[in-house]
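The next block holds one structure in the form of structure tokens; read it before the comments.
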Amino acid sequence: MEQKFIPKSLAASKESGKVTWQTPSNIALVKYWGKKNPQLPENTSISFTLSNCHTTTTLTYGKRKDVKGTYDFKVILDGKEQEDFKPKIETFFKRIERYVPFLREYTFIIDTKNSFPHSSGIASSASGMSAIALCLMSIEKEININLTEEAFYQKASFLARLGSGSACRSVKGDIVVWGEHENIEGSSDLYGIPYKDGVASVFKNYQDTILLIDKGEKQVSSTVGHNLMHGHPFAEQRFLQAQENINKIKDIFANSDVDQFIALVESEALTLHAMMMTSNPYFILMKPNTLEVINQVWAYRKKTGSKLCFTLDAGANVHLLYPENEKETVQEFIKNKLAIYCKDKSFIHDCVGNGAKQLTI
Numbered sequence: 001m002e003q004k005f006i007p008k009s010l011a012a013s014k015e016s017g018k019v020t021w022q023t024p025s026n027i028a029l030v031k032y033w034g035k036k037n038p039q040l041p042e043n044t045s046i047s048f049t050l051s052n053c054h055t056t057t058t059l060t061y062g063k064r065k066d067v068k069g070t071y072d073f074k075v076i077l078d079g080k081e082q083e084d085f086k087p088k089i090e091t092f093f094k095r096i097e098r099y100v101p102f103l104r105e106y107t108f109i110i111d112t113k114n115s116f117p118h119s120s121g122i123a124s125s126a127s128g129m130s131a132i133a134l135c136l137m138s139i140e141k142e143i144n145i146n147l148t149e150e151a152f153y154q155k156a157s158f159l160a161r162l163g164s165g166s167a168c169r170s171v172k173g174d175i176v177v178w179g180e181h182e183n184i185e186g187s188s189d190l191y192g193i194p195y196k197d198g199v200a201s202v203f204k205n206y207q208d209t210i211l212l213i214d215k216g217e218k219q220v221s222s223t224v225g226h227n228l229m230h231g232h233p234f235a236e237q238r239f240l241q242a243q244e245n246i247n248k249i250k251d252i253f254a255n256s257d258v259d260q261f262i263a264l265v266e267s268e269a270l271t272l273h274a275m276m277m278t279s280n281p282y283f284i285l286m287k288p289n290t291l292e293v294i295n296q297v298w299a300y301r302k303k304t305g306s307k308l309c310f311t312l313d314a315g316a317n318v319h320l321l322y323p324e325n326e327k328e329t330v331q332e333f334i335k336n337k338l339a340i341y342c343k344d345k346s347f348i349h350d351c352v353g354n355g356a357k358q359l360t361i
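Under UniProt numbering, the letters of the sequence shown match residues 1 to 361, in that order.
Below you can see the structure in the form of structure tokens.
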């Protein structure tokens with residue numbers, strides 16, 4: 001299947017250029033945790049695409065005079081060159097070169113910035129790698145003018161996945177599915193697809209406030225975390241549970257069942273952390289304030305009847321999900337009651353977005 005992404009003939013014809021893409025982070029509702037080579041998921045996942053948490057990447061490229069055996073690029077983050085990021089980008093380039101054969105023909109400057117703290121559990125690798133993939137696809141589009149829009153985005157998601165699995169869910173769509181599932185037409189392990197089945201209006205403009213409990217580097221990288229699923233005593237049951245939860249969330253989306261949405265999303269978040277706590281070696285990624293927030297959310301929901309719920313990625317930060325019609329009251333609750341549990345009282349108000357957008361041609 002991946003053979004279709006290998007171009008038949010694609011020689012770099014442009015001398016130089018510059019392209020900018022802004023790509024969002026995403027928050028998984030049904031989590032993907034566990035992968036096999038090359039960057040393939042053990043189970044299907046589904047995510048909300050975010051809007052305000054995004055990466056903006058400008059890729060400047062110029063033809064090399066002498067094409068040598070190495071890639072020629074530098075990475076700039078927030079205005080400063082970052083040598084530490086180069087090994088990850090080089091690994092990415094090695095994985096995608098057969099699909100992007102012009103990589104060694106150019107010198108690249110990857111100038112990127114995030115609207116949120118890097119490596120703090122807001123999926124910076126998802127937005128960052130998808131941005132680079134889309135920039136490279138814009139170069140390919142210059143060479144291959146017959147590339148359709150559908151093929152463009154599908155291949156961009158495919159390439160992004162090879163940089164960071166969840167990055168394939170940050171390319172196109174407000175709700176994105178990644179991983180083959182028998183009840184979702186067109187789903188694939190190779191790339192993410194926009195979810196096209198029925199979605200009630202209440203879920204179309206869902207709000208997501210990210211509470212920054214811990215702004216530092218994650219205790220465990222996603223790669224290490226995924227690898228801990230190999231040989232995990234509960235792995236197979238978890239993968240089956242995730243596939244069944246995809247069926248459940250399909251019904252939830254179609255039937256406006258916000259109460260069942262809350263139950264499923266919170267269970268998925270806690271299951272992810274339970275898998276980490278029962279792995280070998282084991283890790284506790286939540287911080288004391290993560291637990292304080294969760295208990296506050298449960299108490300608030302019981303007292304008010306609110307539809308506020310939480311989810312977590314593989315870190316301490318908390319994503320608070322709630323319908324748009326509760327935006328004013330929930331954000332007041334966050335400001336008055338939950339901000340004290342955040343590092344420097346920091347949080348980010350976000351909402352469901354529509355995917356990546358090109359800022360320059």
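Note that the Cβ used here is the ideal one computed from N, Cα and C, for glycine as well.
Subject >> Separation of F234 from N227, as counted between CA atoms >> reply: The residue you call residue 227 lines up with position 227 of the sequence shown. The residue you call residue 234 lines up with position 234 of the sequence shown. Here the C-alpha atom of N227 lies approximately 14 Å from the C-alpha atom of F234.
Original post:
What first and last residue would you give for the alpha helix (DSSP H) that runs through V265?
Top reply: If you number the sequence shown from 1, residue 265 lands on position 265. Counting along the chain, the unbroken alpha helix (DSSP H) around V265 starts and ends at V258 to M277.
**OP:** Could you check the C-alpha separation between K196 and E182 for me, to the nearest Å?
**Re:** Residue numbering aside, residue 196 sits at position 196 when the sequence shown is read from its first letter. Residue numbering aside, residue 182 sits at position 182 when the sequence shown is read from its first letter. Straight-line Cα distance between these residues: approximately 15 Å.
Original post:
So the beta strand (DSSP E) G198 belongs to, where does it begin and stop?
Top reply: As a position in the sequence shown, residue 198 is number 198, starting the count at 1. Secondary structure note for G198: it is in no beta strand (DSSP E), with a DSSP letter that is neither H nor E.
Original post:
Contact check, I352 vs K204 under 8 Å by CB: the rounded distance?
Top reply: By 1-based counting over the sequence shown, the position of residue 352 is 352. By 1-based counting over the sequence shown, the position of residue 204 is 204. According to the sequence provided, residue 352 is Val. The question's Ile does not apply to it. With 8 Å as the limit, V352 and K204 qualify as a contact, their Cβ atoms being about 7 Å apart.
**OP:** Tell me D350's beta-bridge partners as DSSP assigns them.
**Re:** On the sequence shown, position 350 is the one that residue 350 refers to. Beta-bridge pairing links D350 to D208.
Original post:
If we count Cβ pairs, one from each stretch, closer than 8 Å, do we get three or more for the segment 174-193 versus the segment 287-306?
Top reply: No contact exists between the segment 174-193 and the segment 287-306.
Original post:
Smallest Cα separation from F5: which of E150, T70 and R104?
Top reply: Here residue 5 is taken as the residue at index 5 of the sequence shown, counted from 1. Closest option to F5, judged by alpha-carbon separation, among E150, T70 and R104: E150.
Subject >> Residue nearest to S47 in terms of C-alpha spacing, selected from L212, D208 and I213 >> reply: Position 47 of the sequence shown, counted from the start, is the residue given in the question as residue 47. Nearest C-alpha to S47: D208.
Original post:
Between M129 and the rest of its own chain, which residues show a CB-CB distance below 6 Å, the 5 nearest in sequence each way excluded?
Top reply: Reading the sequence shown from its first residue, position 129 is the one you call residue 129. Cβ within range, chain order: A160, G163, S164 and A167.
**OP:** Starting from F108, follow its DSSP beta bridges and name the residues at the other end.
**Re:** Taking the sequence shown and counting its residues from 1, the one referred to as residue 108 is at position 108. The partner list for F108 (beta bridge, DSSP) reads Y61 and F73.
Original post:
Which class does I340 belong to by DSSP, given the choice of helix, strand or coil?
Top reply: Position 340 of the sequence shown, counted from the start, is the residue given in the question as residue 340. DSSP, read as helix, strand or coil, puts I340 in helix.
Original post:
Could you give the distance in angstroms between the alpha-carbon of T60 and the alpha-carbon of Y71?
Top reply: Locating residue 60 in the sequence shown gives position 60, where the first residue counts as 1. Locating residue 71 in the sequence shown gives position 71, where the first residue counts as 1. So the alpha carbons of these two residues sit roughly 14 Å apart.
Subject >> Same chain, Cβ closer than 6 Å to P323, five either side skipped, listed in chain order >> reply: Along the sequence shown, read from residue 1 onward, the residue named residue 323 stands at position 323. Cβ neighbours of P323 beyond the five flanking positions: V202 and K307.
Subject >> Which of helix, strand or coil DSSP assigns to S47 >> reply: Along the sequence shown, one-based indexing puts residue 47 at 47. Reduced to three states, the DSSP call for S47 is strand.
Subject >> E326 (DSSP reduced to helix, strand or coil) >> reply: Sequence index remark: in the sequence shown, residue 326 carries index 326 (1-based). When secondary structure is reduced to three states using DSSP, E326 falls in the helix class.
Subject >> E81 - partner residues in DSSP beta bridges >> reply: Along the sequence shown, one-based indexing puts residue 81 at 81. Answer is I76, bridged to E81.
Original post:
With a CB to CB cut of under 6 Å and the five nearest residues on each side skipped, what residues in its chain are close to Q358?
Top reply: The sequence position of residue 358 within the sequence shown is 358, counting from 1. Here the set comprises W21.
**OP:** Along the beta strand (DSSP E) that carries F310, what are the first and last residues, could you check?
**Re:** Locating residue 310 in the sequence shown gives position 310, counting from the first residue. First-last of the beta strand (DSSP E) with F310: C309 to L312.
Subject >> Nearest-angstrom Cα separation, counted from L136 out to D84 >> reply: The residue given as residue 84 occupies position 84 in the sequence shown. The residue given as residue 136 occupies position 136 in the sequence shown. Rounded to whole angstroms, D84 and L136 show a C-alpha spacing of 21 Å.
Subject >> Nearest to I89 (by Cα), restricted to the options Y99, D78, V100 and K74 >> reply: What you label residue 89 is simply residue 89 of the sequence shown in a count that begins at 1. Per the Cα distances, K74.
Original post:
What's the C-alpha gap between R238 and N336?
Top reply: Walking along the sequence shown from the start, residue 238 turns up at place 238. Walking along the sequence shown from the start, residue 336 turns up at place 336. Spanning the alpha carbons of R238 and N336 requires a straight line of approximately 37 Å.
Original post:
Whose C-beta lies closer than 6 Å to the C-beta of S170 among residues of the same chain, with five residues either side of it excluded?
Top reply: One-based indexing of the sequence shown puts residue 170 at position 170. Same-chain partners within the cutoff: T23, P24, N26, A126, S127 and S130.
Subject >> Own chain residues within Cβ distance below 8 Å of E180, not counting five before or after >> reply: In the sequence shown, residue 180 corresponds to position 180, counting from 1. Apart from sequence neighbours up to five positions away, the residues of its chain that approach E180 with a beta-carbon distance below 8 Å are T44, S187, S188 and D189, ordered along the chain.
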